[in-house]
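If you're matching them up, the sequences are chains A and B in order. Residue numbering for the first sequence follows this note's numbering, starting at 252 and increasing by one per position. Residue numbering for the second sequence follows this note's numbering, starting at 34 and increasing by one per position. Here's the structure we're looking at; comments come further down.
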Amino acid sequence: MKAIRGLYLPWCRIRRVPGRLAVIVCVPFLLQPALARAQSQAAPSSGRPLSPRNASYTIDARLDHSRHTLTGNEVITWRNPASRTATSLQFHLYYNAWRDERSTFMRERRLTNPQDATDRRPDDWASIDITSLKVLGNAAADMTARLRYIAPDDGNRDDKTVVEVPLDSPVPAGSTIRIQIEWTAHVPRTFARTGVIGNYYFIAQWFPKIGVLQDTGWNCHQFHAATEFFSDFGVYDVRLTVPIGWVVGATGVEKDVTDVEGGYRTHHYYQEDVHDFAWTTSPDYVERHAKFEHPTLPPVDMRLLLQPEHVEQEERHFAATRAALRYYGEWYGPYPYGHITVVDPAWQSGAGGMEYPTLFTAGTRWLAPTGVTQPEGVTVHEAGHQFWYGIVATNEFEDAWMDEGLNTFSTARVIEQEFEPNYYSQRYFGGFIPWVFRGLPLTREVDGDRLAGYRGAARQDVQATPTFRYWPATAGSITYNKTALWLHTLERHLGWPVLQRVMSTYFQRFAFKHPVPQDFFNVANEISARDLTWYFDQVYRGSQTFDYGVDLFRSDATDQRYHTTVVARRYGDGIFPMVVRVTLTNGEQINWNWDGRDRWKMFEIDREVGAKTAEVDPDRVLLLDVNRTNNSASLQPQGPKAATRWSLAWLVWLQDQLLTYGFFV
Amino acid sequence: MGPGLAFRQGLRRAARAPSIVAGTFVLTLLVALPLTIALRGMIAAHFGASRAAEAALSGADYSWWQEFLAQATGLGTTFVPSIVGFGAVLLNLSNLLDNVPLATTVAGAVAAWLVIWSFLSGGIIDRFARDRPTRSAGFFGACGAHFPALVRLGLLALLVYGAVFRWLQPSILTTLYGRLTLNETVEQGAFLVRVLLYVIFGIVLLAVNMIFDYARIRIVVEDRRSAIGSTLAAVRFVRRNAGAVWRLYVLNAGLFVVVALVYAVTVRGSSPAGLAAWLILAAGEVYILARHYLKLAFYASETALFQGRLAHAGYTAAPPVVWPDSPAVESIANAAPEPRR
Numbered sequence: 252m253k254a255i256r257g258l259y260l261p262w263c264r265i266r267r268v269p270g271r272l273a274v275i276v277c278v279p280f281l282l283q284p285a286l287a288r289a290q291s292q293a294a295p296s297s298g299r300p301l302s303p304r305n306a307s308y309t310i311d312a313r314l315d316h317s318r319h320t321l322t323g324n325e326v327i328t329w330r331n332p333a334s335r336t337a338t339s340l341q342f343h344l345y346y347n348a349w350r351d352e353r354s355t356f357m358r359e360r361r362l363t364n365p366q367d368a369t370d371r372r373p374d375d376w377a378s379i380d381i382t383s384l385k386v387l388g389n390a391a392a393d394m395t396a397r398l399r400y401i402a403p404d405d406g407n408r409d410d411k412t413v414v415e416v417p418l419d420s421p422v423p424a425g426s427t428i429r430i431q432i433e434w435t436a437h438v439p440r441t442f443a444r445t446g447v448i449g450n451y452y453f454i455a456q457w458f459p460k461i462g463v464l465q466d467t468g469w470n471c472h473q474f475h476a477a478t479e480f481f482s483d484f485g486v487y488d489v490r491l492t493v494p495i496g497w498v499v500g501a502t503g504v505e506k507d508v509t510d511v512e513g514g515y516r517t518h519h520y521y522q523e524d525v526h527d528f529a530w531t532t533s534p535d536y537v538e539r540h541a542k543f544e545h546p547t548l549p550p551v552d553m554r555l556l557l558q559p560e561h562v563e564q565e566e567r568h569f570a571a572t573r574a575a576l577r578y579y580g581e582w583y584g585p586y587p588y589g590h591i592t593v594v595d596p597a598w599q600s601g602a603g604g605m606e607y608p609t610l611f612t613a614g615t616r617w618l619a620p621t622g623v624t625q626p627e628g629v630t631v632h633e634a635g636h637q638f639w640y641g642i643v644a645t646n647e648f649e650d651a652w653m654d655e656g657l658n659t660f661s662t663a664r665v666i667e668q669e670f671e672p673n674y675y676s677q678r679y680f681g682g683f684i685p686w687v688f689r690g691l692p693l694t695r696e697v698d699g700d701r702l703a704g705y706r707g708a709a710r711q712d713v714q715a716t717p718t719f720r721y722w723p724a725t726a727g728s729i730t731y732n733k734t735a736l737w738l739h740t741l742e743r744h745l746g747w748p749v750l751q752r753v754m755s756t757y758f759q760r761f762a763f764k765h766p767v768p769q770d771f772f773n774v775a776n777e778i779s780a781r782d783l784t785w786y787f788d789q790v791y792r793g794s795q796t797f798d799y800g801v802d803l804f805r806s807d808a809t810d811q812r813y814h815t816t817v818v819a820r821r822y823g824d825g826i827f828p829m830v831v832r833v834t835l836t837n838g839e840q841i842n843w844n845w846d847g848r849d850r851w852k853m854f855e856i857d858r859e860v861g862a863k864t865a866e867v868d869p870d871r872v873l874l875l876d877v878n879r880t881n882n883s884a885s886l887q888p889q890g891p892k893a894a895t896r897w898s899l900a901w902l903v904w905l906q907d908q909l910l911t912y913g914f915f916v
Numbered sequence: 034m035g036p037g038l039a040f041r042q043g044l045r046r047a048a049r050a051p052s053i054v055a056g057t058f059v060l061t062l063l064v065a066l067p068l069t070i071a072l073r074g075m076i077a078a079h080f081g082a083s084r085a086a087e088a089a090l091s092g093a094d095y096s097w098w099q100e101f102l103a104q105a106t107g108l109g110t111t112f113v114p115s116i117v118g119f120g121a122v123l124l125n126l127s128n129l130l131d132n133v134p135l136a137t138t139v140a141g142a143v144a145a146w147l148v149i150w151s152f153l154s155g156g157i158i159d160r161f162a163r164d165r166p167t168r169s170a171g172f173f174g175a176c177g178a179h180f181p182a183l184v185r186l187g188l189l190a191l192l193v194y195g196a197v198f199r200w201l202q203p204s205i206l207t208t209l210y211g212r213l214t215l216n217e218t219v220e221q222g223a224f225l226v227r228v229l230l231y232v233i234f235g236i237v238l239l240a241v242n243m244i245f246d247y248a249r250i251r252i253v254v255e256d257r258r259s260a261i262g263s264t265l266a267a268v269r270f271v272r273r274n275a276g277a278v279w280r281l282y283v284l285n286a287g288l289f290v291v292v293a294l295v296y297a298v299t300v301r302g303s304s305p306a307g308l309a310a311w312l313i314l315a316a317g318e319v320y321i322l323a324r325h326y327l328k329l330a331f332y333a334s335e336t337a338l339f340q341g342r343l344a345h346a347g348y349t350a351a352p353p354v355v356w357p358d359s360p361a362v363e364s365i366a367n368a369a370p371e372p373r374r
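Okay, structure coming up:
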């Protein structure tokens with residue numbers, strides 16, 4: 252289908268739709284072609300560009316709901332940002348990750364879930380095919396026949412997520428070309444948070460997208476099960492044609508809407524200085540608006556697309572988005588776009604908890620009790636990605652920890668500031684009925700920073716390994732949890748004012764750029780005025796685990812004095828400076844500093860009073876310590892009493908279980 | 034006899050047998066204690082001399098709990114945060130309805146409890162049917178007399194419940210639920226489907242349950258020996274008295290819900306320190322005691338309904354009322370125009 256291609260229409264008329272933008276009603280179904288608009292897009296419309304704008308897109312796409320297909324036509328204005336001449340072009344075709352079970356994405360998914368996707372029907376799979384590719388110029392050359400799939404990461408011949416085309420005319424460094432691509436895509440039942448269910452669409456990674464040319468060559472990875480994306484900044488001018496009456500949310504702001512024949516409407520979205528474009532459409536969305544205002548930060552128009560069953564959670568979504576914009580803005584730097592769209596995905600859509608420039612998906616449940624950070628947690632996190640991903644655009648294929656980890660750390664910090672206390676909760680009866688355990692408060696260090704997840708995966712991968720090569724089952728723990736914990740440890744080691752300056756400097760220095768890990772480490776060393784290489788060597792370049800503990804603790808009475816001995820031990824292979832503290836029976840505390848290097852170290856004192864407790868790392872600076880229980884010892888241990896108390900709680904559970912099974916007799 | 038009267042009779046008969054209520058409570062406690070002691074050892078070993086124990090005593094320490102679970106094996110893996118307070122009730126009910134397999138480490142205790150309860154149920158029903166103290170000899174004599182038939186009935190029930198949970202439950206709550214909600218995008222819609230399917234599954238499950246309940250009652254009250262025969266007789270009874278049987282079931286289930294809600298309100302949000310912590314544990318035991326009473330009252334009310342609805346005199350001989358004669362014999366004797374000598 253090429254339905255979206257056409258001409259300018261002089262006979263369109265403008266009418267008002269209550270509460271919405273002006274609507275341009277056109278009699279025949281003819282649209283301005285992407286090419287014509289791409290030519291007029293060269294100059295920025297809002298002052299000095301924030302980004303290099305190396306890859307700008309003008310896209311026309313039409314959704315055929317009955318067939319779940321997208322037909323698109325795009326013009327990419329691409330500037331060679333590298334110092335080398337480009338002799339070929341590489342494009343991502345992400346939807347082909349779900350073309351069949353042989354793609355790299357699916358193979359990796361099956362490593363940890365052999366039954367994954369085995370129940371999918373043919374219509375549940377996806378595809379994207381380029382039907383025409385031309386490099387525009389004086390003599391536009393059709394290069395469609397020269398396209399070939401490549402698999403730069405694993406050589407998988409069945410993977411069709413990257414396509415390459417050799418160029419007749421190489422593109423010198425700094426030069427710009429325009430590429431016109433026509434394509435068709437089949438929208439899957441949701442994979443990796445893009446797809447359709449019922450009449451709910453969330454459409455991401457949906458168009459042929461050019462890779463990032465670096466001095467070392469093309470950085471255009473295949474789609475992997477455990478990683479996300481990487482692309483250049485640009486301007487997106489996108490027209491989306493969907494059935495009339497369907498609400499559309501997308502990256503950027505809606506400029507205008509145009510009715511076209513056949514019961515369709517074209518929504519025109521535009522956004523500068525972003526590196527991706529995602530959108531959603533459904534007839535069921537409830538639309539709400541609010542504004543973020545702050546004494547020192549720029550205002551932001553917040554648009555919320557809610558599921559009808561969640562309308563009473565409107566303010567919770569706005570409050571969480573406000574909190575993210577406020578704290579990230581105060582800590583790191585202002586959000587520059589002036590608008591943000593929060594999408595509450597449909598149930599079972601699998602589209603929740605994902606970030607795209609100026610738009611993100613949150614995620615909540617129909618029964619969402621207070622005291623549990625759903626939807627707040629995911630909303631803060633995805634809104635926070637506008638900063639760590641949207642603005643500081645790191646390579647998520649290779650260094651996913653740089654956005655996910657920094658953002659998990661920041662999310663936990665915001666939740667601590669704004670949404671505590673929150674509590675442990677569980678869902679019962681098919682996962683529908685929540686129960687909040689208000690006696691089990693969650694703290695930032697164990698919940699937000701996700702210590703439990705890290706503990707089980709600490710040795711699985713060295714963080715410096717390119718993320719797409721992580722073991723899929725534990726990639727998330729190394730990416731999110733480990734980073735957040737080592738950042739939180741750094742916060743406690745350096746102090747928040749220092750780390751805040753590190754992160755804000757890094758943010759401002761690398762906004763609208765593609766920093767690499769060493770950039771962050773350099774900023775950390777520079778701003779803290781310390782050489783932290785020893786730390787990054789362990790947490791980033793190594794997979795050491797940290798475990799310090801009290802190995803021996805005695806306080807012996809001798810001649811009316813007490814001789815107290817503490818042996819602190821390093822059980823793990825990670826090294827971190829420690830404080831060892833002894834508390835005497837009169838309340839006096841004695842602290843020793845230990846460099847933490849030796850396998851064990853003995854500390855001794857003589858006092859008139861005996862000791863009561865001994866602790867290693869008493870202030871819990873080292874959040875990466877995988878075994879906290881052994882960090883302390885008491886000469887009046889309460890373990891037996893605590894064990895009695897909690898085993899009796901378990902006894903009630905077991906008795907209740909016996910009686911529940913007593914149903915059968 | 035109507036279900037309302039049977040319900041009240043059940044409450045009264047169970048209340049008039051406090052030794053049975055206390056005895057079954059102690060039985061459950063004794064079955065659960067060995068595992069509890071083993072778990073206590075695991076927890077104590079993990080705490081060691083650590084100060085983490087102090088935090089765990091002054092409330093729930095989620096950090097420690099996660100750490101304990103990370104190294105726990107076997108029985109220790111069942112010590113999860115959701116066993117706290119009313120969460121325990123929800124967890125057990127939800128796991129039963131959703132067919133979550135029983136943890137193997139506690140399966141032995143559950144199996145032992147079921148066997149012991151099956152043994153005792155003969156004496157319990159006998160006591161409630163006679164509605165008078167039967168003393169130890171009478172109680173345990175009835176237990177022993179009916180145990181073989183109750184074991185056979187238990188094996189039959191195992192087969193039927195096995196089919197219900199192995200085939201019917203997944204068919205309804207996994208396969209059919211999955212199909213009906215495949216393209217559902219509204220959680221409320223899916224929830225309604227789930228509730229509907231719970232109701233359908235629940236009706237089947239409760240029907241099976243009440244048939245085996247009345248089969249058990251018929252074995253004891255009518256001194257039957259055949260598990261199959263008593264099951265068929267129970268089917269006939271349930272079919273002929275469907276309205277009363279179901280209403281009685283609903284009354285008993287409703288009372289359980291009320292007790293559970295009271296417990297939920299009592300312990301909601303609690304992981305307190307000091308004396309309050311021990312009081313909450315005591316509240317848990319009171320709840321467990323109440324559940325025993327409810328279970329026994331359920332037995333008693335079903336027995337009362339059965340006795341009230343079925344006239345035995347028409348087809349049962351009237352031998353001398355000397356144990357181990359059946360309660361039916363005694364009922365007939367009591368109903369006889371002249372006292373027996």
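Glycine is no exception: its CB is placed at the ideal position from the N, C-alpha and C atoms.
Among the options, the one whose alpha carbon lies nearest that of residue i
{"i": "residue 375 of chain B", "options": "B:311, B:154, B:341 and B:362", "result": "Examination of residue 375 of chain B is not possible in this model, given that chain B is present from 34 through 374 alone."}
{"i": "residue 627 of chain A", "options": "A:650, A:361 and A:667", "result": "A:667"}
{"i": "residue 699 of chain A", "options": "A:388, A:657 and A:686", "result": "A:657"}
{"i": "residue 546 of chain A", "options": "A:562, A:558 and A:578", "result": "A:578"}
{"i": "residue 209 of chain B", "options": "B:230, B:177 and B:193", "result": "B:230"}
{"i": "residue 734 of chain A", "options": "A:661, A:370 and A:909", "result": "A:661"}
{"i": "residue 870 of chain A", "options": "A:739, A:786 and A:344", "result": "A:739"}
{"i": "residue 320 of chain A", "options": "A:681, A:574, A:332 and A:447", "result": "A:447"}
{"i": "residue 200 of chain B", "options": "B:178, B:243, B:132 and B:212", "result": "B:132"}
{"i": "residue 520 of chain A", "options": "A:756, A:490 and A:317", "result": "A:490"}
{"i": "residue 346 of chain A", "options": "A:910, A:437, A:394 and A:418", "result": "A:437"}
{"i": "residue 433 of chain A", "options": "A:808, A:383 and A:630", "result": "A:383"}
Beta-carbon contacts of residue i that lie in its chain and below 7 Å, excluding the five residues immediately before and after
{"i": "residue 36 of chain B", "result": "277, 280, 281, 284 and 338"}
{"i": "residue 827 of chain A", "result": "797, 847 and 873"}
Own chain residues within Cβ distance below 6 Å of residue i, not counting five before or after
{"i": "residue 605 of chain A", "result": "444 and 612"}
{"i": "residue 884 of chain A", "result": "801, 804 and 865"}
{"i": "residue 732 of chain A", "result": "701, 704 and 705"}
Assumed close pair residue i, residue j - CB separation to whole angstroms, cut-off 8 Å
{"i": "residue 422 of chain A", "j": "residue 476 of chain A", "result": "Not quite, the Cβ-Cβ distance comes to about 33 Å (not below 8 Å), so this is no contact."}
{"i": "residue 510 of chain A", "j": "residue 556 of chain A", "result": "Not confirmed; about 21 Å, so no contact."}
{"i": "residue 270 of chain B", "j": "residue 186 of chain B", "result": "Not a contact, Cβ separation roughly 15 Å."}
Residues of its chain near residue i, where Cβ-Cβ distance is below 8 Å and the 5 sequence neighbours each way are ignored
{"i": "residue 292 of chain A", "result": "For residue 292 of chain A, the predicted model reports a pLDDT of 47, less than 50, meaning its position is unreliable; a value from the coordinates is still stated below. Closer than 8 Å at the Cβ level, and outside the excluded window around residue 292 of chain A, lie 307, 309, 328, 486 and 488."}
Beta carbon of residue i nearer than 9 Å to that of residue j
{"i": "residue 413 of chain A", "j": "residue 473 of chain A", "result": "yes"}
{"i": "residue 248 of chain B", "j": "residue 263 of chain B", "result": "yes"}
{"i": "residue 664 of chain A", "j": "residue 311 of chain B", "result": "no"}
{"i": "residue 791 of chain A", "j": "residue 881 of chain A", "result": "no"}
Contact test: residue i Cβ vs the ligand ZN heavy atom, cutoff 8 Å
{"i": "residue 250 of chain B", "result": "Absent from the structure shown: the ligand ZN. Ligands present: none."}
Residue i, buried or exposed, once every other Cβ within 10 Å from all chains shown has been counted against 16
{"i": "residue 867 of chain A", "result": "buried"}
{"i": "residue 195 of chain B", "result": "exposed"}
{"i": "residue 267 of chain A", "result": "Note that residue 267 of chain A has pLDDT 39, beneath the 50 cutoff, so the model's placement of it is unreliable and the number below is only indicative. Answer is exposed; the Cβ neighbour count stays below 16."}
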